[in-house]
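Novice: Per the working numbering, the very first residue in the sequence shown carries number 410; after that it's consecutive. The beta carbon of each residue, even a glycine, is placed where N, CA and C say it ideally should be.
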Amino acid sequence: MSRSNEKVSQETHGTPFREFMPDLGIDRFTSMRKQDAHEYADDFKKNGNPPWLYGLYMHWRELLTEPYKGISNDGNIRGDLYQLEDDGVPIENIVKTVNSAISKMTPEQKTLSHYHIDSPEWRTWSNPEFLLSSKGVRLDEINQDLREAVMGILKASLSPEGYEKAVSAMRINGFLGELIQVPTIMNEFSYNFVIFGEPAVEHAWGFSFYGHHLCLNAFFYKRQMVLSPWFTGAEPNIIDGGQFNGTRIMEREESLGLQLMQSLPEEVQSRAQIYRQMKDPAMPRGRWNHDDQRHLCGAYRDNRVVPYDGALVSELSKEQQDLVTQIASEYLLYLPEQSHTAEHHDENNSVYTGRVEDNVETFDHPKWERLINLLLVSFHSMMATFSASAIQSGFVDIAADFHISVQRASYLVSLFIVVLGAAPLFWRPLGQTYGRRPIFLISLIGSLVGNIGCAKSPSYGTMGLCRAITAWFISPAASLGSAVVAESFSSKDRGRYMGIWTTMVTLGVPFAPFIFGFVTVRVGYRWTYWILAIINAVQFILFFFLGLETRHVPGSNVTPKKSGYFTFHRIDPTPIKFIDFIAPLGLITRRNVVIPAVTYSMAFLWGSVATTFEIPQIFPETYGFNNEQVGLQYIAIILGTVIGELGGGFLSDQWMWRRGRRGRKPDPEYRLWLSYFGYLLVICGVIVFFVQIAKSGTKWNITPIIGAAIAAVGNQVVTTIMITYAVDCYPSESAAIGVFIVFIRQTWGFIGPFWIPEMLRNTGFYASSGIITALLVGVSIMPTMLLQARGKEWREKHY
410 MSRSNEKVSQ
420 ETHGTPFREF
430 MPDLGIDRFT
440 SMRKQDAHEY
450 ADDFKKNGNP
460 PWLYGLYMHW
470 RELLTEPYKG
480 ISNDGNIRGD
490 LYQLEDDGVP
500 IENIVKTVNS
510 AISKMTPEQK
520 TLSHYHIDSP
530 EWRTWSNPEF
540 LLSSKGVRLD
550 EINQDLREAV
560 MGILKASLSP
570 EGYEKAVSAM
580 RINGFLGELI
590 QVPTIMNEFS
600 YNFVIFGEPA
610 VEHAWGFSFY
620 GHHLCLNAFF
630 YKRQMVLSPW
640 FTGAEPNIID
650 GGQFNGTRIM
660 EREESLGLQL
670 MQSLPEEVQS
680 RAQIYRQMKD
690 PAMPRGRWNH
700 DDQRHLCGAY
710 RDNRVVPYDG
720 ALVSELSKEQ
730 QDLVTQIASE
740 YLLYLPEQSH
750 TAEHHDENNS
760 VYTGRVEDNV
770 ETFDHPKWER
780 LINLLLVSFH
790 SMMATFSASA
800 IQSGFVDIAA
810 DFHISVQRAS
820 YLVSLFIVVL
830 GAAPLFWRPL
840 GQTYGRRPIF
850 LISLIGSLVG
860 NIGCAKSPSY
870 GTMGLCRAIT
880 AWFISPAASL
890 GSAVVAESFS
900 SKDRGRYMGI
910 WTTMVTLGVP
920 FAPFIFGFVT
930 VRVGYRWTYW
940 ILAIINAVQF
950 ILFFFLGLET
960 RHVPGSNVTP
970 KKSGYFTFHR
980 IDPTPIKFID
990 FIAPLGLITR
1000 RNVVIPAVTY
1010 SMAFLWGSVA
1020 TTFEIPQIFP
1030 ETYGFNNEQV
1040 GLQYIAIILG
1050 TVIGELGGGF
1060 LSDQWMWRRG
1070 RRGRKPDPEY
1080 RLWLSYFGYL
1090 LVICGVIVFF
1100 VQIAKSGTKW
1110 NITPIIGAAI
1120 AAVGNQVVTT
1130 IMITYAVDCY
1140 PSESAAIGVF
1150 IVFIRQTWGF
1160 IGPFWIPEML
1170 RNTGFYASSG
1180 IITALLVGVS
1190 IMPTMLLQAR
1200 GKEWREKHY
């Protein structure tokens, strides 16, 4: 698949453009459904509706009466800019293909399709859906044999990538016709084809292929080809359903343009960015108009004067000039590669209209409010893992209370972990439809009730049920937190703020047993649940008054107001379907998400779950520790997690920023370089942890805990980098990515406590360290190397 037609696996009808769909019940659309393209055009010309477009059409007809001069920068046409030359265009094959198509035409079609080489009809192409100039043959009105022959002309004339882009534009046009229910006017083949001159190898001729959002005017002289003027557009630029699901164009042009602008020094950037808004108050009279306000030189604008503006390409660095060349290559994609020539850098200007910041920079709330909301959501996320591990210091007491083994008591944590991983599949569609805020509030009420149930449970089975209920309700923030970060902060700060969220998630694991070690010793383990319920109540009050709704439906033009926070209503009218509840699992096809999820989950298993889970089981038995002493061991893991966040979050953002300052916006894969330090630290820390326990005998020393701290540093580095990488690859699917990664991580974390103790008993600490190292190298480091090498290729295929 070429870069011009990228494929993206979208959730069913999950693309934002659908929120901008017009009302299909208005007269314009109901009338269109009763007409074909010719009737639609005749009605437009007769009734002049809509008036603005009819006025533009009449102005175009006036412009057509002007003698042709050509585009210039000052009104004076310059000669000798281009030379006749042999570009190696396969003219014999092109002429043969055209003649083959002509042979399939009826006499009437031949007459309609042939014009003199100097005919003014060259200038009457246009890109609206209105058939303003009906000439040649229209592909949706001819037989399939002739239609395929005409498409064969495009295929023979254009580059392979250019042909694919043209076909994609045609398919997107057909998709648009289906969306607004006017397939007789807009469809995959609602395009006209006209020949100018007599196709021949030795003298001049050409053709015009035009229709809605795709217009190609090709001129041939011997082995030289000129493709001008041409127009390509798309509304939308992606197909999210049906036969050609995933077809997308114009993405690379947009990405490269933004990348170039973000790489420019501030002074150069300010000259290149001639307007900050697409419709800018600074625009002079006439610049904003209905046909070529952004790009100039639209249909019928053959004599436009376009003064030089922006920043000279010759002033840019070599890397930036390379980006300009890449951008130009995208716009020259239709031409065979041998027809591309790089000249006149000293007169080429880079001009940009619109925002330079990433799209996510537009927010509904000031930064201080978003930061408070992030802290509330992050603390909520921490409470998920905090609640899971809160009873770890009380395993012995729980076992004594219910007359069960310590290992069976630990299953109350394992149960919590597995529910914590699966429940977000339920909450994500509700969060998309009703918003993040009401789901978080419901979550806190439900977990409060569940914790009270745990505190009052008379049996092991009842406590297990209440633990499952608590896990079900407390889970949303632990997965939707990634969406809140993506919806609240720009990509350049994403690592830092994603790091705050992931750090809190990770800190919950060691922080709870540290706190509740003291609680269980002094007031009993059941007070663990009462304290959790009290925390949930305080959270609910704070979030009710300070929490924000970050979910904004594109195109809704509705900004959530504080007054609306006291009501519960849907903010996305899209119906919820069963597929929405399992849609995140579809990310299993995205290697840019699956690999980070798996590699991170393996690091999380050994750098967090294994150490925190084994401490309350090994230390009381080996060293005779009470609950309080066990809880104190977690201080090192807490410190390690905080230190690790500096490398995973802030430093990784600086890593990416410094790369960007050197003139090239880094690909998301560039961030992955730092993950290797995290993996190595996890390996080192886990080896130190288990080996030093084996060496210590029955006398405690600090070295195993130092190992646990080192592993925690590495785990947090990996956590932030891998989640941020996945979200950077697909920011619009941040909620689904969070759910998917949590599902993989929690599943892994759930399975671990069942087999890790058996491994340690059967193979010993030394051999187990070797097994752990092999697993981290094979499941984390090597897949990350593969992802770094091929991640960009995979992204472009699936985006």
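#1: Which same chain residues, not among the five before or five after F584, have their C-beta less than 6 Å away from its C-beta?
#2: Report yes if the C-beta distance between N782 and A720 is below 8 Å; otherwise report no.
#3: Per DSSP, what are the beta-bridge partners of G615 in this structure?
#4: Within 10 Å of its beta-carbon, does Y717 have 16 or more other beta-carbons around it, so buried, or fewer, so exposed?
#5: Could you give the C-beta distance for Q678 and V765, rounded to a whole number, given that I count them as a contact under 8 Å?
#6: CB-CB under 6 Å to T842, same chain, minus the five flanking residues each way: which ones, in chain order?
#7: Going by C-alpha to C-alpha distance, which of S566, N626, R437 and T879 sits closest to E538?
#8: Measuring alpha carbon to alpha carbon, tell me which residue in F618, F1034, P993 and G763 is nearest Q682.
#9: For M514 and H523, I'd like the C-alpha separation in whole angstroms.
#10: Hey, quick one: how far does the alpha helix (DSSP H) through S672 stretch, first residue to last?
#11: How far does the beta strand (DSSP E) with Q492 in it extend, from its first residue to its last?
#12: Quick one: which unbroken alpha helix (DSSP H) runs of 4-plus residues sit fully inside the stretch 884-964? Chain order, please.
#13: Please work out which residues of its chain come closer than 7 Å, Cβ to Cβ, to M441, disregarding the five sequence neighbours upstream and downstream, and give them in chain order.
#14: Give a yes or no on whether the C-beta atoms belonging to G1158 and G1094 are separated by under 8 Å.
#15: Should H789 go down as buried or exposed, given a rule of 16 or more other Cβ atoms within 10 Å for buried?
#16: Reducing DSSP to helix, strand and coil, say where H812 ends up.
#17: Identify the continuous beta strand (DSSP E) that holds I503 and give its terminal residues.
#18: Any idea what DSSP makes of F855, helix, strand or coil?
#19: So, does the CB of L472 fall closer than 8 Å to a CB anywhere in chain B?
#20: Let me make sure I understand the geometry here. Which of E728, Q633 and M687 has the alpha-carbon closest to that of T750?
#21: Looking at the strands, I want to know which residues DSSP matches up with N758.
#22: Taking the Cβ atom as the reference point for each residue, do I883 and S1010 lie within a distance shorter than 8 Å?
#23: Give me the Cβ distance between S888 and P838, rounded to the nearest whole Å; I'm assuming they're in contact under 8 Å.
#24: By the 10 Å Cβ neighbour count, where 16 or more other Cβ atoms means buried, how is W614 classified, buried or exposed?
#25: Determine the closest residue to T1050 out of F1098, T1129 and E1030, with distance taken between C-alpha atoms.
#26: If you drop the 5 nearest sequence neighbours on each side, which residues of the same chain put their C-beta closer than 8 Å to that of V769?
#27: Starting from the C-beta of M1191, find all residues in its chain whose C-beta is less than 8 Å away, skip the five residues before and the five after it, and write them out in chain order.
#28: Can you check DSSP and say which residues form a bridge with Q633?
#29: So K574 packs on L742, CB below 8 Å; how close in whole Å?
#30: Tell me whether Q553 sits in a helix, a strand or coil according to DSSP, three-state version.
#31: Between H621, L636, Y619 and G620, which has its C-alpha nearest A627's C-alpha?
#32: Please report how far the alpha carbon of E675 lies from the alpha carbon of E663, in whole angstroms.
#33: I'd like to check one pair, L673 with V733: are the Cβ atoms closer than 8 Å?
#34: In this structure, how does DSSP classify W1157 when only helix, strand and coil are distinguished?
#35: Taking C-alpha atoms, which residue in D755, V714, R846 and E501 lies nearest to L725?
#36: Mind checking V576: buried by the 16 CB within 10 Å criterion, or exposed?
Specialist: Once the coordinates are examined:
#1: I648
#2: Against a cut-off of 8 Å, the Cβ pair of A720 and N782 comes out as no contact.
#3: F605 and F628
#4: Burial call: exposed.
#5: 7 Å
#6: R979, D981 and I985
#7: R437
#8: G763
#9: 11 Å
#10: E660 to S672
#11: It is not in any beta strand (DSSP E) - Q492 carries neither H nor E in the DSSP assignment.
#12: 885-897, 903-932 and 935-955
#13: Y449, V591 and I594
#14: no
#15: buried
#16: coil
#17: No beta strand (DSSP E) contains I503, which is instead part of the alpha helix (DSSP H) from I500 to S512.
#18: Per the sequence presented here, residue 855 reads as Gly, with Phe not at that position. Helix at G855.
#19: As a matter of chain content, chain B is missing from the structure shown, which is built from one protein chain.
#20: Q633
#21: L721
#22: no
#23: Contact doesn't hold; Cβ gap of about 12 Å is too wide.
#24: Per the 10 Å Cβ criterion, buried.
#25: Ranked by Cα distance from T1050, the first of F1098, T1129 and E1030 is T1129.
#26: Only weak support exists for where V769 lies, its pLDDT of 41 falling under 50; the coordinates are left without a value.
#27: none
#28: Y630
#29: 6 Å
#30: helix
#31: L636
#32: 20 Å
#33: no
#34: It is helical.
#35: D755
#36: buried
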